Structures are given as structure tokens and as C-alpha cells.
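K.L.:
Handing you this structure, nothing more for now.
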């Protein structure tokens with residue numbers, strides 16, 4: 144897979160912490176544990192098309208915990 148330039152703008156959402164404790168562009172978790180689209184050691188940042196699905200993913204995979212300042 145190679146990087147590509149698209150002819151449109153993409154929007155995506157990821158739950159993080161405004162204070163920076165949980166940075167939204169940090170791929171550390173994906174390098175430790177494999178996911179649906181990566182192998183261990185491969186950095187990837189998972190995002191969602193909608194805020195609601197990003198929140199749902201965080202609740203499902205984060206044991207029901209959210210970073211502070213989220214609603």
C-alpha cells in the first residue's frame with residue numbers, strides 16, 4: 144500500500160483528551176497490540192467517519208472508560 148493524494152477532503156473523528164494526556168495522533172497502542180487492519184509493530188491511527196461511531200468504539204474497546212472532558 145502506498146500513500147495517495149485524493150481529489151476530495153476526508154473528515155474523520157477520534158476520541159482524545161483536550162489536555163493532551165491522550166493525544167489523538169498517537170499510534171502507540173497499535174504498535175503493542177494487533178488490530179483489524181494492522182500487525183504488531185505497525186503504527187496505525189484508527190479513526191471513524193462519525194463522532195458517534197468513534198465514541199462507540201472507545202466505549203467498546205476502552206472498557207467503558209472515556210478520557211476526561213468528553214461528553
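Residue numbers (this note's numbering): 144 to 214. Glycine included, each C-beta is placed from N, C-alpha and C at the ideal position. Fair warning: this is a prediction, and the values are worked out from it, not measured in the lab.
(1) Hey, how far is the Cα of residue 165 from the Cα of residue 150?
(2) Assign residue 158 to buried or exposed, taking buried as 16 or more other Cβ atoms, counted over all protein chains shown, within 10 Å of its Cβ.
(3) Using a 10 Å radius around the Cβ and a threshold of 16 neighbouring Cβ atoms, would you call residue 162 buried or exposed?
(4) Could you tell me the distance, in whole angstroms, from the CA atom of residue 168 to the CA atom of residue 188?
(5) With DSSP collapsed to three states, give me the class of residue 206.
(6) Ignore the nearest five residues each way along the sequence and tell me which others in residue 184's own chain have a CB closer than 8 Å to its CB.
(7) DSSP three-state label for residue 195, please.
P.N.:
Short version:
(1) 31 Å
(2) buried
(3) exposed
(4) 7 Å
(5) Three-state DSSP puts residue 206 in coil, outside helix and strand.
(6) 174
(7) In the three-state DSSP reduction, residue 195 falls in the helix class (H, G or I).
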